[in-house]
Amino acid sequence: MKNLLFTTTIISLIMSIASLEASVINSITKVGIVNTTASHMLVPEMTILPVSDTNYLSSNTELYSSETFCASQAVTDLITLYNALMAQPSTTNHGPIFGNAIGGETLTPGVYDVGGAASVTGTLILDGQGNSNSVFIIRSDGALTTTVNTTVVLTGNAKPENIFWTSSAAMSTAAGTIMKGTMIGGGGGAGAVSLGAGTNHVGRMFTKLGAISIGAGTILGIPTGTSVFNLRSLSTFAMWSSGGAVSDAAVTSITGDVGTALGALTIGSTHIGNKYSPKVDYCALNPTVWIGEVSTDAENIDNWTKGFPDRDIDVVINITPNDPLFSENIEMKNLSIVTGASVSQTNESQIDVHGDFQNNGTYNPGNSTLAFKGDEIQNFSTDNTISVYNLTIDNDNSLNLVSGNVDVFNSLKLTTGDLITNYDPAISDNNLVTFKSNAINTAIISEIENG
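Numbered continuously in the working numbering, the sequence shown closes out at residue 551.
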């Protein structure tokens, strides 16, 4: 059987029968990422924001964000982080007291579990044994506290960004404590997290349910390095509560973002970073970016900067060592594939796009479906010829092919709405929709359901 080639001329005839009306789109906006690097040091292990992220730094004391913050995503990211820490296998069942020894107690990397309340007193030495990626996790089923003038010392290249303290209850430091690491109240009974007067803490304070506070004379700053655990949207935060108030006291210093999803936010002393008030949520404006840190699996949350896509979240696919492979159905708002990046589908999966699709890279359809399901007219732009296996349009306001060519290898399905090709005979090699065939299959237009 001869190969059959249906170009836009034939499609235009078919679409006119289906009462297709064309319109003109004059421009398209391209999404990009701005990278910055922190360089001004305050004290050892502390830095002026931003760390490498998407923020602008206007001076040494003021910080302006180039994107709004997604509070509900931060709530999810804290749960994800806590669950990841709790999933680590235990290496040591420790007694309730740390550091209570002559000359202090030394811990090597590992996961230390306490079956009740835990406390740190005297000097606790965390020895990374020369490994800058060494991880220390101290997990307490009850409250976790320190005594007055407790000191946590890092040696052997241990880093504060890789130290985690978790509690199923309240967490607090006593006056004069020198603390390191991320404190997380994360269990079902997660409570308040607080720093006593004069505490010096290089790390973070997170809780799922309670309030967060710091006492007079406290210094709190996020570490400069990147943790081996993906903190996602919380990576720039010094204080975050998913369910309580966040506050400081007189003559304190905080370096890092602060915020709460529910409760009062009261920060009146020295602060370098962003403040995020409760119930301020702009998730739809906050894209999740493919970084492919773990694998090619698009269903692995660690491969995304801000969690899984959904119909209200934009998606940006960047160039990474691991190109994303979608094997399950997924929804997203706007989809942008940057130049040099690649996206693949498999396993008869379906990507539902509720916004626009801008392709400057490579899209590999496999045997899967690309569906446009927006509430307003959607724009489809590609700077080359893009291949699709199944193309579905389920949008009363239609799909608008702004630029490029589309090759359909199996079917075009018009559930609702039309495909507006914008074909211009004066530009004969652009805005073509071609139905491809081979010896075993011929691409078709499926029955028009609501034509």
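We treat Cβ as the ideally placed atom computed from N, Cα and C, and that holds for glycine.
Across the set Leu365, Thr324, Ala350, the C-alpha of Leu365 shows the shortest separation from the C-alpha of Ser341. Residue state for Val351 is assigned as coil, using DSSP reduced to three classes. Counting of Cβ neighbours within 10 angstroms places Glu547 among the exposed residues, the total staying below 16. With a threshold of 16 other beta carbon atoms within 10 Å, Ile319 meets it and is buried.
Listed as beta-bridge partners of Val443 by DSSP are Tyr463.
Straight through space, the alpha carbons of Thr370 and Gly291 are spaced by roughly 26 Å.
In the structure shown, Ile477 adopts coil according to DSSP, grouped into three states. By the C-beta density criterion, Val328 is exposed, having fewer than 16 other C-beta atoms within 10 angstroms. By the criterion of at least three beta-carbon pairs nearer than 8 Å, the stretch 430-445 is in contact with the stretch 456-466.
Assignment of beta-bridge partners to Tyr212 by DSSP yields Thr192, Ile238.
Contact annotation: Ala349 and Ala311 have beta-carbon atoms that are not nearer than 8 Å. Put simply, the backbone Cα of Gly359 is about 53 Å away from that of Ile544. DSSP places Asp529 in no alpha helix (DSSP H); its state is neither H nor E. Its chain contains Gly474, Asp475, Glu476, Ile477, Gln478, Gly517 as the residues whose beta carbon lies nearer than 8 Å to that of Asn497, once the 5 sequence neighbours on both sides are disregarded; these appear in chain order. Between Val293 and Asn262, the gap from beta carbon to beta carbon reaches 8 Å or more. When C-alpha distances from Thr352 are compared across Leu178, Val214, Thr299, the shortest belongs to Thr299. For Asp507, the uninterrupted beta strand (DSSP E) run begins and ends at 499-516, by DSSP.
Going by beta carbons, Ser335 and Lys406 fall outside the 8 Å limit.
A Cβ-Cβ distance of about 6 Å is found for the pair Glu428 and Glu399, placing them in contact under the 8 Å criterion. Val506 and Ser481 have their alpha carbons spaced roughly 10 Å apart.
In this model, Gly466 and Gln173 are separated by some 31 Å (Cα to Cα). By the C-beta criterion, the stretch 488-497 is judged not to be in contact with the stretch 535-542, since fewer than 3 inter-stretch pairs fall below 8 Å. Sequence-distant partners of Thr462 (beyond 5 residues in either direction) whose C-beta falls short of 6 Å from its own C-beta, in its chain, are Ser442. Measuring C-alpha to C-alpha distances from Ser219 to each of Leu254, Pro260, Met271 identifies Met271 as the nearest.
Relative to the Cα of Val533, the nearest Cα in the group Val508, Thr515, Ile527 belongs to Val508. Here DSSP, grouped into helix, strand and coil, assigns Thr251 to strand. Of the residues assessed, Asp524 falls on the exposed side of the cut-off, its CB having fewer than 16 other CB atoms within 10 angstroms. Annotation: Gly210 to Gly276 spans about 27 Å, alpha carbon to alpha carbon. DSSP, reduced to helix, strand and coil, places Ile202 outside both helices and strands of the structure shown, so it counts as coil. For Asp452, the uninterrupted beta strand (DSSP E) segment begins and ends at 450-453.
Taking C-beta separations shorter than 7 Å and ignoring five residues to either side along the sequence, the partners of Thr208 in its chain run Asp227, Gln229, following chain order. Under the three-state reduction of DSSP, Ala218 is assigned to strand. Gly285 and Thr266 have their C-alpha atoms roughly 6 Å apart.
According to DSSP, residue pairing for Ser272 in a beta bridge involves Thr245, Ser294. Gly359 has Trp340, Tyr376 as its beta-bridge partners, per DSSP. Beta-bridge annotation (DSSP): Arg304 is paired with Thr282.
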